[in-house]
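For reference, the structure is listed below as structure tokens.
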């Protein structure tokens, strides 16, 4: 009997999970289907670049997964029936034996008339609005996290004719080391960005407001019988397996997961890729009767671009606490670009980086996995 694996979402987490599963499992025993609403892989870490009109390399999913054994299905997920093991899409129902849920996150609580860069279409809408904004126009970016910092510096560098400001609830980069914070302030001064710190309930006027103050997972999981957290994330064990439904795995932003040190993983590409690898390896191990790998997920650094010519690499502990050391300037630019390009390259070449060991599913393991 063919074991049907369905992966929902083809972002960094979902695409990596599908590609890795294709390298681990024999196509004679498994059927891997990747479901995504967009026909292309979207480099979400570059949405701030798209927002200022920079071209991104298109990567069609059908091309990416050609000859890998992964079936790409372009469809929008409407619901998941975790009891019947059915995914409802705008293109019909899809049955599964094992589900990998990787639908990710999107911007939340965006005020009316504000813009965001949580996805490709949102970034393009912002670009169109910025194109219409004449010299001297005002742009306010709200939200002091990585997305906000990258967005505001990219806009200020690309459009020096605009008055760009940044609003944060706390202090600018207050989670970073002293070296990184100093460099961040120098970059903001160089780019002419006005910083409003300690903003809470104040009214700030701008012709264009870009909202980066919050992200939330898609509500589909919360509408199922899966156990989810207050944030709507699927609660998983140390192998990314749902604690309530053993035939479901959640990866990336969609999962409330812990790393190897026991600390909760943050929503990021840095979490999405390793959780996808671990889930795929765990699924393959259980289906082929092999030892399930241990969770060794940990962080090394936080990459922050400050336009195209400056950046900060904040080195962190495995549980994501900042170290005193940080890389800045051109060296950080080169490192961040290498990391981003490597992540995209690994998506575009899903069966290249590691040797293929396509093992057969054992009958006993498949029956047990399906029955659980």
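Residue numbers (this note's numbering): 1 to 372.
Where is the CB? At the ideal position from N, CA and C, for every residue including glycine.
Given 8 Å, three or more beta-carbon pairs between the region 303-311 and the region 333-342: yes
Answer yes if the region 220-234 comes into contact with the region 250-265, meaning at least three C-beta pairs across the two stretches below 8 Å, and no otherwise. yes
Could you pull the start and end residues of the beta strand (DSSP E) that residue 323 belongs to? 322-328
Apart from the five residues just before and just after residue 222, which ones in its own chain have a Cβ nearer than 8 Å to its Cβ? 228 and 232
Starting from the C-beta of residue 271, find all residues in its chain whose C-beta is less than 6 Å away, skip the five residues before and the five after it, and write them out in chain order. 265
What do you get for residue 241, buried or exposed, if any count of 16 or more other CB atoms within 10 angstroms of its CB means buried? buried
Roughly how many whole angstroms lie between the Cα atoms of residue 14 and residue 260? 21 Å
Go ahead and label residue 295 buried or exposed: buried means 16 or more other beta carbons lie within 10 angstroms of its beta carbon, across all protein chains shown. buried
My guess is that residue 159 and residue 130 are in contact by the Cβ rule of under 8 Å, so how many angstroms apart are they, rounded? 7 Å
Can you list, in chain order, the residues of its chain with a C-beta nearer than 6 Å to that of residue 173? Leave out the 5 residues immediately preceding and following it. 181 and 184
In the DSSP output, what is residue 150 paired with across the bridge? Paired residue(s): none; residue 150 is not in a bridge.
Under a three-way DSSP split, which group does residue 66 fall into? coil
Return the CA-CA distance between residue 281 and residue 91, expressed in angstroms with no decimal places. 29 Å
Might you give, ordered along the chain, the residues of its own chain that have their beta carbon closer than 8 Å to the beta carbon of residue 196, omitting 5 neighbours on each side? 165, 166, 167, 168, 202 and 204
What residues in its chain sit with their C-beta under 6 Å from that of residue 263, if we drop five residues either side in the sequence? 319
Considering only C-alpha positions, which residue in the set 86, 147, 350 and 249 is nearest to residue 67? 350
How many angstroms separate the CA atom of residue 103 from the CA atom of residue 16? 13 Å
Proximity to residue 143 [Cα-Cα], best of 26, 94 and 153: 153
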